[in-house]
Structure formats: structure tokens, C-alpha cells
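Each remark here refers to the structure printed beneath this line.
Numbering (the numbering used here), first residue to last: 354 to 557.
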């Protein structure tokens with residue numbers, strides 16, 4: 354929901370930095386992998402209850418996630434780069450809740466499992482919609498130039514990162530926040546299903 358507003362202010366800065374990295378020979382895929390690496394280190398820190406360092410690495414990791422697209426735009430976009438970006442994004446989004454489950458399995462296990470389930474449902478609806486949109490030659494630039502069709506929703510990257518940071522700042526509230534956000538993610542998936550029902554044309 355907030356991605357569009359955030360991108361409007363952040364993309365010009367990322368594009369300038371991305372252009373400099375591209376001129377220095379840094380590839381978009383290298384930035385993507387660096388972002389995931391930082392995200393996995395953040396999850397590991399969270400698992401041993403170093404929440405604030407984990408939060409800082411989450412922010413840097415997601416800046417890398419935006420920066421890889423800027424580098425690609427400054428050089429050339431590839432289908433493999435788009436594929437790698439979305440796969441590693443899903444790895445990151447699964448790793449952070451898992452870190453909280455490891456940090457306190459008894460307190461966080463149920464809520465963390467529900468959150469991961471909601472991510473699974475929301476992610477599958479997102480990818481399935483993208484596949485069908487490609488099949489029907491649909492296009493959108495609602496979230497900038499992307500390698501696949503992006504549907505907007507109530508739970509997008511900005512909301513997810515904000516919730517992850519809230520987890521780190523208020524770890525005792527993880528279960529409550531995770532359950533609430535799981536409901537938001539499931540609602541987003543349901544709204545995408547309804548959008549698909551009305552938006553996809555039947556083929557003769």
C-alpha cells in the first residue's frame with residue numbers, strides 16, 4: 354500500500370547510487386546477493402536475541418534490494434536478474450520470522466508459524482497472478498519497471514519491513530504483531546483472488 358509513496362522519494366537517490374555502482378563494475382546480481390546475505394545475518398542476530406543490530410541490518414538489506422534494480426536500470430535488465438531478485442526476496446521474508454521463532458520458540462512459535470503460512474499464501478497469490486497476467490499480456494508500472502507483473506495490496510514490502518522493525522524494537526510483542534500482520538497478509542491474498550476473478554479474461 355505504501356510502496357508507491359516510498360519509491361517516489363527513494364528511487365531518485367537509489368538511481369544515482371546505482372549508476373555510480375554500475376560505472377564501477379558492480380553487477381545488479383551481486384547487489385541482490387549482498388542484500389540477502391545481510392538479511393540472513395540479521396535473522397541470525399535476531400535468533401540469538403540481538404534485536405537492534407538485526408534491525409539495522411534489515412534496513413541495509415532492503416536498501417540493497419532497491420539498489421539492485423537501480424544498478425540494472427543503469428546497465429541492462431535480465432530475466433535471470435528478475436528471477437533471482439524475487440526468489441531471494443522470499444528467502445529474506447521467511448528468514449526474519451524464523452529468526453524470531455528460534456529466539457523464543459515457546460512464545461513465538463505459533464504466531465511465527467501463522468505469519469509464515471500467511472506469507473506462503475500471499476506469495477503464491479502474487480506469483481500466480483503474475484503468471485496469468487503475463488499469459489494475458491497485461492502490463493503495469495504501478496511499482497516501477499519490474500521483471501514481472503506486480504499487483505498492489507494492503508501488505509507490500511514497505512509494510513512488511515515496518516512490521517519487521519517493530520518486531521525488533523518490541524520483541525515481547527512479536528506474537529501479537531505477527532498475528533495481526535498475518536491477518537493483513539491473508540486479506541491481501543484474498544483481495545488479489547477477487548481481483549483475478551474480475552480482471553482475467555476468459556480465453557475462447
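We treat Cβ as the ideally placed atom computed from N, Cα and C, and that holds for glycine.
Determine the contact status of residue 444 and residue 405, defining contact as a CB-CB distance below 9 Å. no
Short check: CB of residue 379 to CB of residue 424, under 9 Å? yes
Below 7 Å CB to CB, which residues in the same chain sit around residue 455 once its five sequence neighbours on both sides are set aside? 400
For residue 433, is the classification buried or exposed, using 16 other Cβ atoms within 10 angstroms of its Cβ as the cut-off for buried? exposed
Within 9 Å of any Cβ in chain C, is that where the Cβ of residue 512 sits? This model lacks chain C altogether; it includes just one protein chain.
Less than 9 Å between the C-beta atoms of residue 420 and residue 384, yes or no? yes
Can you tell me the Cβ-Cβ gap for residue 472 and residue 447, rounded? I've got them flagged as a contact below 8 Å. 7 Å
Could you please give the first and the last residue of the uninterrupted alpha helix (DSSP H) stretch that includes residue 488? 458–488
Check this for me: beta carbons of residue 530 and residue 519, under 9 Å apart or not? yes
Using 8 Å for Cβ pairs, my map puts residue 431 next to residue 375. What's the rounded Cβ distance? That pair is no contact at about 14 Å.
Let me know the alpha helix (DSSP H) ranges lying completely inside the segment 383–439, each 4 residues or longer, listed in chain order. 404–427
In three-state terms, what does DSSP make of residue 557? For residue 557, the predicted model reports a pLDDT of 42, less than 50, meaning its position is unreliable and no value from the coordinates is stated.
Check residue 537 in the structure and name its three-state DSSP category. helix
What did DSSP end up calling residue 544 once you bin it into helix, strand or coil? helix
Which class does residue 512 belong to by DSSP, given the choice of helix, strand or coil? helix
For the candidate residues 426, 485 and 389, whose alpha-carbon lies nearest to that of residue 370? 426
Taking the CB atoms as reference points, tell me whether residue 462 and residue 416 lie closer together than 9 Å. no
Restricting to Cα atoms, I'd like to know which of 395, 552, 382 and 403 is closest to residue 482. 552
Could you compute how far the alpha carbon of residue 558 sits from the alpha carbon of residue 535? A query on residue 558 cannot be resolved here, the shown segment of the chain reaching from 354 to 557 and no further.
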